[in-house]
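So the protein sequences, as listed, match chains A and B. Going by the working numbering, the first residue of the first sequence is number 21, and it counts up by one from there. Going by the working numbering, the first residue of the second sequence is number 21, and it counts up by one from there. Where is the CB? At the ideal position from N, CA and C, for every residue including glycine. These numbers were taken from a predicted model, which means no experiment stands behind them. Notes follow once the structure below has been shown.
Protein chains: 2
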Amino acid sequence: MPTIKDVARIAGVTPTTVSRVINNRGYLSQNTKQKVYQAMDQLNYSPNAIARSLFSKKSGILGIILPDLRHPFFAELAGYIEFYANQSNYKLLICNSNHNATKEKQFVDLLKSNQIDGLVMASHTLDVDEFARLEYPIVTFDRIIDQFPYVCSDNHQGGVLAAEKLISLGCKKVGHICGNLQLDLLSNQRSWSFIKTMKEHGIEPIIIQTGNDVFDYSHYEELITPLFRDHPDVNGIFTTSDILAAYVSRVCNNLGIHIPKDLKLIGYDDVPLSTWMIPQLSTIRQPMREMAERIVQLLTNVQTRQHYNANIFDVEFIKRATS
Amino acid sequence: MPTIKDVARIAGVTPTTVSRVINNRGYLSQNTKQKVYQAMDQLNYSPNAIARSLFSKKSGILGIILPDLRHPFFAELAGYIEFYANQSNYKLLICNSNHNATKEKQFVDLLKSNQIDGLVMASHTLDVDEFARLEYPIVTFDRIIDQFPYVCSDNHQGGVLAAEKLISLGCKKVGHICGNLQLDLLSNQRSWSFIKTMKEHGIEPIIIQTGNDVFDYSHYEELITPLFRDHPDVNGIFTTSDILAAYVSRVCNNLGIHIPKDLKLIGYDDVPLSTWMIPQLSTIRQPMREMAERIVQLLTNVQTRQHYNANIFDVEFIKRATS
DNA sequence: TGGAAACTGTCAAGCGATTGACATTTTACA
DNA sequence: TGTAAAATGTCAATCGCTTGACAGTTTCCA
Numbered sequence: 021m022p023t024i025k026d027v028a029r030i031a032g033v034t035p036t037t038v039s040r041v042i043n044n045r046g047y048l049s050q051n052t053k054q055k056v057y058q059a060m061d062q063l064n065y066s067p068n069a070i071a072r073s074l075f076s077k078k079s080g081i082l083g084i085i086l087p088d089l090r091h092p093f094f095a096e097l098a099g100y101i102e103f104y105a106n107q108s109n110y111k112l113l114i115c116n117s118n119h120n121a122t123k124e125k126q127f128v129d130l131l132k133s134n135q136i137d138g139l140v141m142a143s144h145t146l147d148v149d150e151f152a153r154l155e156y157p158i159v160t161f162d163r164i165i166d167q168f169p170y171v172c173s174d175n176h177q178g179g180v181l182a183a184e185k186l187i188s189l190g191c192k193k194v195g196h197i198c199g200n201l202q203l204d205l206l207s208n209q210r211s212w213s214f215i216k217t218m219k220e221h222g223i224e225p226i227i228i229q230t231g232n233d234v235f236d237y238s239h240y241e242e243l244i245t246p247l248f249r250d251h252p253d254v255n256g257i258f259t260t261s262d263i264l265a266a267y268v269s270r271v272c273n274n275l276g277i278h279i280p281k282d283l284k285l286i287g288y289d290d291v292p293l294s295t296w297m298i299p300q301l302s303t304i305r306q307p308m309r310e311m312a313e314r315i316v317q318l319l320t321n322v323q324t325r326q327h328y329n330a331n332i333f334d335v336e337f338i339k340r341a342t343s
Numbered sequence: 021m022p023t024i025k026d027v028a029r030i031a032g033v034t035p036t037t038v039s040r041v042i043n044n045r046g047y048l049s050q051n052t053k054q055k056v057y058q059a060m061d062q063l064n065y066s067p068n069a070i071a072r073s074l075f076s077k078k079s080g081i082l083g084i085i086l087p088d089l090r091h092p093f094f095a096e097l098a099g100y101i102e103f104y105a106n107q108s109n110y111k112l113l114i115c116n117s118n119h120n121a122t123k124e125k126q127f128v129d130l131l132k133s134n135q136i137d138g139l140v141m142a143s144h145t146l147d148v149d150e151f152a153r154l155e156y157p158i159v160t161f162d163r164i165i166d167q168f169p170y171v172c173s174d175n176h177q178g179g180v181l182a183a184e185k186l187i188s189l190g191c192k193k194v195g196h197i198c199g200n201l202q203l204d205l206l207s208n209q210r211s212w213s214f215i216k217t218m219k220e221h222g223i224e225p226i227i228i229q230t231g232n233d234v235f236d237y238s239h240y241e242e243l244i245t246p247l248f249r250d251h252p253d254v255n256g257i258f259t260t261s262d263i264l265a266a267y268v269s270r271v272c273n274n275l276g277i278h279i280p281k282d283l284k285l286i287g288y289d290d291v292p293l294s295t296w297m298i299p300q301l302s303t304i305r306q307p308m309r310e311m312a313e314r315i316v317q318l319l320t321n322v323q324t325r326q327h328y329n330a331n332i333f334d335v336e337f338i339k340r341a342t343s
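Structure, rendered in structure tokens:
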């Protein structure tokens, strides 16, 4: 790989001048610029970002630790974050923790070593104090850790919205399918608010938790089927993700339960899947694009970071065919 | 951030010694090691990977340029690549080109600047010669560029398999929905082989192309619906992706066409979506995990790179409910 | 007891770029 | 013609870490 010295030699100037051209500082004649550009072109030179980073102490890289890139929600989130990061000249390093605390810890160290300029923490198995000693900006997603700014959808509103919809649709016996309510995740507020609202209307929801392996879909079907065996009169279900809803839809199909005639179904997220399903899924939409934009702002812009600690985004009920 | 000097000072040794401890070279007494580890711990030190990269000329980063992380196929692929890269101590930098040649070019430059140790090229809008001058290992996905090793599924076999299945199911009038057949992509071989096999059986498939904006799903429905208007007797369809198949399934649902009774449907990829659909999709499975593993090997292992230029993976017909 | 082998540690150059301080030459214009 | 501004260049330090060369101290055994 050619270095700045090679360029300088070819262009007949000093490395300092080449650096000046690259960074456009100081006085430079058209002629000099021309020569330098030409030499860079001739050598197919591009400045070594590593060396620049060493000096500038900025890597221009943001990191994200998430549970699983293959989950549509996180793929979508990561996709948008990459988009906005890119707009601000940042690159995105993606780390799949697979919900594994050890890997998560390793990634935190790895990203620290790599001098990333900011971290999005969207996987939450680590103890809180692991983060206390990190030096770079951190934004957490769907969880509050220490004083770090966090981003989430208005989970409370989402739970209430889902409950009210099901009630207004006349559901008397409702089920709720969610992840692990023991975890200290903001997204669990969806469930709490849903349950609370239901209770206020005199309905005691039947709750099914997927447990810790939220991302292992293989057991979803066996988990959901008994709900309908034990409670054949269930006529409304709210799930905390669209994928869970897809499985409900499938189980109902197996059992001959017609949606929306026999059962109203509401998901959460509004990932593309919700429109690919048949019938198309009614869901609570998280404004992913806006959330991703804010996440990048929080990491790259000190003012934003200082002004917004709690970044709670309104959700919206999207009516499709399952309700 | 503490540096190696700080650690040396606290431990009462020289930076060289600390470096030796970190890299475990030369003779070191237990006592010295102990002191150094303790100092590192006390300072919460982790070596600056940027500085190490500058010296070693290795960044430990692989890059991938893909059209859209939000597409399940690429999310899955990237997820697996990240997994295997990680196993070999590499990180993964993800770049979404959004099918935009300018962005693609920018990413190529950007990744070059960042001294990545290898590139997976899975987005193909650039002219071939743009790649000629890149210094790091490159693997292309689903396209042949110059002499670079490439990875793909056996698209020919996939097309034949799909055709034979439909024929054996008794389909007489078949449709085929694909991307843009003008592009020089290996994945288009699926279509060519499908069409050829069909013709050999005296069937002239009706072909619908999504055009260049393959990733803009919004027009899929209007694209597919006319097929059934113009050819009500179509009773078999092969699509080049599972997502396309999901749209076919939806359109059929709209039009009251029953799958698999009235129409047999076969997709391609076998992404999780295919099991979330109702009815579950029969599809041609690409061995994504194995392909990702090979991709990482090709980039990180010279021997592999020298031995395997064409990396074509067998596909498999997965029978589910749509056939 | 002498000297090689086994340890332990220091020094300084270098990776590729940036930048402040300073010097010299050219250009422009009053 | 004189002088300030513009243009170009030199030099050396710096970012944090690695490593070959070298030096000093122990250990051990013939």
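What residues in its chain sit with their C-beta under 7 Å from that of residue i, if we drop five residues either side in the sequence?
i                      : result
residue 229 of chain A : 198, 199, 200 and 201
residue 291 of chain B : 92, 93, 96 and 262
residue 124 of chain A : 85, 117, 143, 145 and 146
residue 310 of chain B : 333
residue 176 of chain B : 209 and 213
Near residue i, what residues of its chain come up, given a Cβ to Cβ distance below 6 Å and the 5 sequence neighbours on each side ignored?
i                      : result
residue 258 of chain B : 182, 196, 214 and 286
residue 173 of chain A : 306, 333 and 335
residue 163 of chain B : 144, 205 and 206
residue 68 of chain A  : none
residue 264 of chain B : 197
residue 127 of chain A : 85 and 115
Within the same chain, show all residues whose beta-carbon is closer than 8 Å to that of residue i, passing over the 5 residues directly before and after it, in chain order.
i                      : result
residue 328 of chain B : 169, 314 and 318
residue 41 of chain A  : 48, 52, 53, 56 and 57
residue 89 of chain B  : 95, 98, 114 and 116
residue 155 of chain B : 132
Measuring alpha carbon to alpha carbon, tell me which residue in the options is nearest residue i.
i                      : options                       : result
residue 59 of chain B  : B:227, B:28, B:67 and B:133   : B:28
residue 235 of chain B : B:310, B:61 and B:119         : B:119
residue 66 of chain B  : A:136, A:56 and A:296         : A:136
residue 221 of chain B : B:190, B:128, B:208 and B:155 : B:190
residue 30 of chain B  : B:61, B:246 and B:180         : B:61
residue 188 of chain B : B:68, B:227, B:308 and B:218  : B:218
residue 225 of chain B : B:193, B:264 and B:160        : B:193
residue 267 of chain B : A:104, A:244, A:232 and A:294 : A:294
residue 211 of chain B : B:241, B:180, B:186 and B:232 : B:180
residue 281 of chain A : A:22, A:296 and A:253         : A:253
residue 63 of chain B  : B:50, B:45 and B:21           : B:21
Using 8 Å for Cβ pairs, my map puts residue i next to residue j. What's the rounded Cβ distance?
i                      : j                      : result
residue 288 of chain A : residue 178 of chain A : 6 Å
residue 299 of chain A : residue 342 of chain A : 5 Å
residue 74 of chain A  : residue 330 of chain B : Going by Cβ atoms, the distance from residue 74 of chain A to residue 330 of chain B rounds to 40 Å, so no, they are not a contact pair.
residue 245 of chain B : residue 271 of chain B : 5 Å
Using 8 Å as the limit for Cβ to Cβ distance, is residue i near chain A?
i                      : result
residue 102 of chain B : yes
residue 212 of chain B : no
residue 184 of chain B : no
residue 305 of chain B : no
residue 315 of chain B : no
residue 319 of chain B : no
residue 298 of chain B : yes
residue 26 of chain B  : no
residue 331 of chain B : no
residue 175 of chain B : no
residue 132 of chain B : yes
residue 311 of chain B : no
With a threshold of 8 Å between beta-carbons, can residue i be considered close to chain B, or not?
i                      : result
residue 111 of chain A : yes
residue 70 of chain A  : yes
residue 99 of chain A  : yes
residue 60 of chain A  : no
residue 142 of chain A : no
residue 225 of chain A : no
residue 121 of chain A : no
residue 107 of chain A : no
residue 135 of chain A : yes
residue 96 of chain A  : yes
If you pair each beta-carbon of the segment 99-115 of chain B with each one of the segment 78-87 of chain B, do three or more pairs fall below 8 Å? The segment 99-115 of chain B vs the segment 78-87 of chain B: in contact.
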